[in-house]
């Protein structure tokens, strides 16, 4: 069976070579004309983009195509939200879908690696000789799904405004320093959970994060002396406290909720603000 | 008198032609290059190739734009955290046409990536990755990956906030990979923090390692295209390599009567 398939495809390629030899056109000038026109279009588009970019922006002031450059790199800032170039937006957004420490590897490495392996293996997965798209239903559906998901992920990545857990966690030592809970192990661990669990996607904390859905700033949430237990219960099920906007985070588990509570209770705010 | 000399070359004319062609003959005798270029130009391609099949050469053009503008940028760019940002400002604002070269390099990168994706989509739609072109598909996927790696490494070079923080995230992503991840991240970063070691490493990878690999793979890609031929659009009625109509059976009365009114029209060669 397999050998018959090999014979068939070899015969097809032999027919292909005969057909091209008999009825084909020479590459020069016919196909080369098309290639040359297309290349001129490409170079014109590149020059056009460069001109629009240059004329419309001014140094760090952005035009329609963005600024010429942003401020000089400063490793000291912690709340700068990174933007990769647009063709990495899909990866960038994939990271936001997988936030938990356990599954983040799936977003960063797992899915991209599987995608790349499937792409490389495509000619060995699809062994039929059929080339007409509408007679390749699996390929057609796969193509549509890939284009759709890449498009959605790119769009979501382009419009995303939140910070990433992996960046936030680097700010934890600085938080603990400024809030004065650096020596308190439980609070520091709670801060790490805060950074990774995506809290900063709605809450602002020491200038990091964003304010979505009316979520309050949490920098000095602990100044009311309500105790760690109160915060643990609140985060576990906000609806119990009359908050129907914030989703319950009971899935974090009792131990993590406790640490988060200690962290929030230790967040008294800083004088320098 | 005006017509005949064109037919029969005068000895003088033949002499001039031989002298003009001598360098080419010299080259051909020692390298075979003239023959190779002639073969490349005059090889036959299916008569029904379309505009969609210009995306590959368009990607090549975009790569050449990147190579040329990249060399010019390298004349003036300084891969040092203390000087990089300033040199980018000088290129953009002070150098004659520096803005154009930098702008073309910056936007050419996006155009290159888009064209590679479109080219890949075209190959997928045409089923052109199938036998015997499997290997060329793999080379193409590698080219796409290396092209994106060019984007990642080039993004750091302006040494502005966008560049710096995007690279922080990029290196962190590498770091989360199992097994080799931390080592790759450590290698890329080249120290405790992103600094001068990171910048010179990214610069070297961006302008030596990756372009070299891409140029080599493009050579292989083109060699395979020329060797295996360009595919016909699969829906073309004159598709090269299509199934041939079976040999018409020896007409023995009856069949001869049925065929003309039945499928004779579509079955004809």
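Residue numbers (this note's numbering), protein chains in the order written: chain A, -13 to 259; chain B, 17 to 285.
Where is the CB? At the ideal position from N, CA and C, for every residue including glycine.
Note that this is a predicted model, so its numbers are computed, not measured.
*So residue 245 of chain B and residue 3 of chain A are in contact, right, with Cβ under 8 Å, and what is the actual spacing, rounded?*
Between residue 3 of chain A and residue 245 of chain B the Cβ distance is about 7 Å, and since that is below 8 Å, they are a contact.
*Report the rounded CA-to-CA distance for residue 60 of chain B versus residue 139 of chain B, giving the unit in angstroms.*
Distance between the alpha carbons of residue 60 of chain B and residue 139 of chain B: 19 Å.
_In this structure, how does DSSP classify residue 246 of chain B when only helix, strand and coil are distinguished?_
Coil.
*asked:* Can you pull out the residues from the stretch 16 to 36 of chain A whose beta carbon lies closer than 9 Å to at least one beta carbon of chain B?
replied: Against chain B - using a Cβ distance shorter than 9 Å - the residues of the stretch 16 to 36 of chain A are 16, 17, 18, 20, 21, 22, 23, 24, 25, 26, 27, 28, 29, 31, 32, 33, 34, 35, 36.
*Please classify residue 75 of chain A: is it buried, with 16 or more other beta-carbons within 10 angstroms of its beta-carbon, or exposed?*
So residue 75 of chain A ends up on the buried side.
*Would you call residue 36 of chain B buried or exposed, if buried means 16 or more other Cβ atoms sit within 10 Å of its Cβ?*
When all chains shown are included, residue 36 of chain B counts as exposed.
*Measure the CB-CB distance between residue 158 of chain A and residue 181 of chain A and report whether it falls below 7 Å.*
In contact: residue 158 of chain A and residue 181 of chain A (Cβ atoms closer than 7 Å).
*State the beta-bridge partners of residue 29 of chain B as determined by DSSP.*
In DSSP, residue 29 of chain B forms no bridge with anything.
_Beta-carbon within less than 8 Å of residue 6 of chain A's beta-carbon, same chain only, minus the 5 sequence neighbours each way: which residues are those?_
None.
*Using beta-carbon positions only, say whether residue 79 of chain A and residue 184 of chain A come within less than 7 Å of one another.*
No, Cβ-Cβ distance for residue 79 of chain A and residue 184 of chain A is not below 7 Å.
*asked:* Less than 7 Å between CB atoms is the rule here; does residue -9 of chain A satisfy it with respect to chain B?
replied: Closer than 7 Å: no.
*When burial is assigned at 16 or more other CB atoms within 10 Å of the CB, is residue 178 of chain A buried or exposed?*
Flag for residue 178 of chain A reads buried.
*Would you say residue 104 of chain B and residue 55 of chain A are within 7 Å of each other, going by their C-beta atoms?*
The answer is yes: Cβ separation under 7 Å.
*chain B partners of residue 164 of chain A, CB-CB under 9 Å?*
What residue 164 of chain A touches in chain B: nothing, since even the nearest Cβ is about 20 Å away.
*Hey, how far is the Cα of residue 175 of chain A from the Cα of residue 218 of chain B?*
Whole-angstrom Cα-Cα distance: 34 Å.
*Using 10 angstroms around the beta-carbon of residue 46 of chain A, count the other beta-carbons present and answer buried if the total reaches 16, otherwise exposed.*
Burial call: exposed.
*Using a Cβ-Cβ cut-off of 7 Å, state whether residue 10 of chain A counts as contacting chain B.*
The Cβ of residue 10 of chain A sits closer than 7 Å to at least one Cβ of chain B.
*What in chain A is Cβ-close to residue 31 of chain B, meaning under 8 Å?*
What residue 31 of chain B touches in chain A: nothing, since even the nearest Cβ is about 29 Å away.
*Shortest alpha-carbon distance to residue 76 of chain B belongs to which of B:28, B:128, B:119?*
Here the closest residue by C-alpha is B:128.
_Among B:178, B:205, B:174, nearest to residue 189 of chain B - alpha-carbon criterion_ = Comparing alpha carbon positions, the residue from B:178, B:205, B:174 closest to residue 189 of chain B is B:205.
*Which same chain residues, not among the five before or five after residue 81 of chain B, have their C-beta less than 7 Å away from its C-beta?*
Closer than 7 Å at the Cβ level, and outside the excluded window around residue 81 of chain B, lie 120, 124.
*Residue ranges of each alpha helix (DSSP H) run of no fewer than 4 residues wholly in the stretch 181 to 241 of chain B, ordered along the chain?*
Taking only runs of at least 4 residues, the alpha helix (DSSP H) segments lying wholly in the stretch 181 to 241 of chain B are 197 to 205, 212 to 220.
*Is it true that the CB of residue 229 of chain B sits closer than 7 Å to the CB of residue 173 of chain B?*
No, they are not a contact pair.
*Can you tell me whether residue 25 of chain A is buried or exposed, with buried defined as 16 or more other CB within 10 angstroms of its CB?*
Its Cβ being crowded by 16 or more others within 10 Å, residue 25 of chain A is buried.
_chain B contacts from the stretch 174 to 188 of chain A (Cβ-Cβ distance under 8 Å)_ = Contact annotation: in the stretch 174 to 188 of chain A, no residue has its CB less than 8 Å from a CB in chain B.
*Under 8 Å Cβ-Cβ, which residues of chain B neighbour residue 256 of chain A?*
Those do not exist, as residue 256 of chain A stays about 24 Å from chain B at its closest Cβ, beyond 8 Å.
_Any 3 or more C-beta pairs closer than 8 Å across the stretch 175 to 185 of chain B and the stretch 147 to 167 of chain B_ = No, the stretch 175 to 185 of chain B is not in contact with the stretch 147 to 167 of chain B.
*residue 74 of chain B and residue 28 of chain A look like a contact to me (Cβ under 8 Å); what is the Cβ gap, rounded to whole Å?*
At roughly 5 Å, the Cβ-Cβ gap stays under 8 Å, so residue 74 of chain B and residue 28 of chain A are in contact.
*Best match in B:43, B:67, B:47 for proximity to residue 21 of chain A [C-alpha to C-alpha]*: Nearest to residue 21 of chain A by alpha-carbon distance, out of B:43, B:67, B:47, is B:67.
*Check whether the Cβ of residue 56 of chain A lies closer than 7 Å to any Cβ atom in chain B.*
Yes, residue 56 of chain A lies at the interface with chain B (some Cβ there is under 7 Å from its Cβ).
*Pairwise C-alpha distance: residue 114 of chain B and residue 102 of chain B*: Just so you know, the alpha carbons of residue 102 of chain B and residue 114 of chain B end up roughly 13 Å apart.
*Going by C-alpha distance, which of B:262, B:255, B:239, B:226 is nearest residue 62 of chain B?*
When each option's Cα is compared against that of residue 62 of chain B, the closest is B:255.
*Counting pairs of beta carbons, one from the stretch 28 to 44 of chain A and one from the stretch 100 to 119 of chain A, are three or more of them closer than 8 Å?*
At 8 Å Cβ cutoff, the stretches do not touch.
*Rounded straight-line distance, which links the Cα of residue 45 of chain B to that of residue 191 of chain B*: Rounded to the nearest angstrom, the two C-alpha atoms are 55 Å apart.
*With a threshold of 16 other CB atoms inside 10 Å of the CB of residue 239 of chain B, please say whether the residue is buried or exposed.*
Exposed is the call here.
*For residue 167 of chain B, the nearest candidate out of B:156, B:202, B:112, B:223 (CA to CA)*: With distances taken between Cα atoms, residue 167 of chain B lies closest to B:223.
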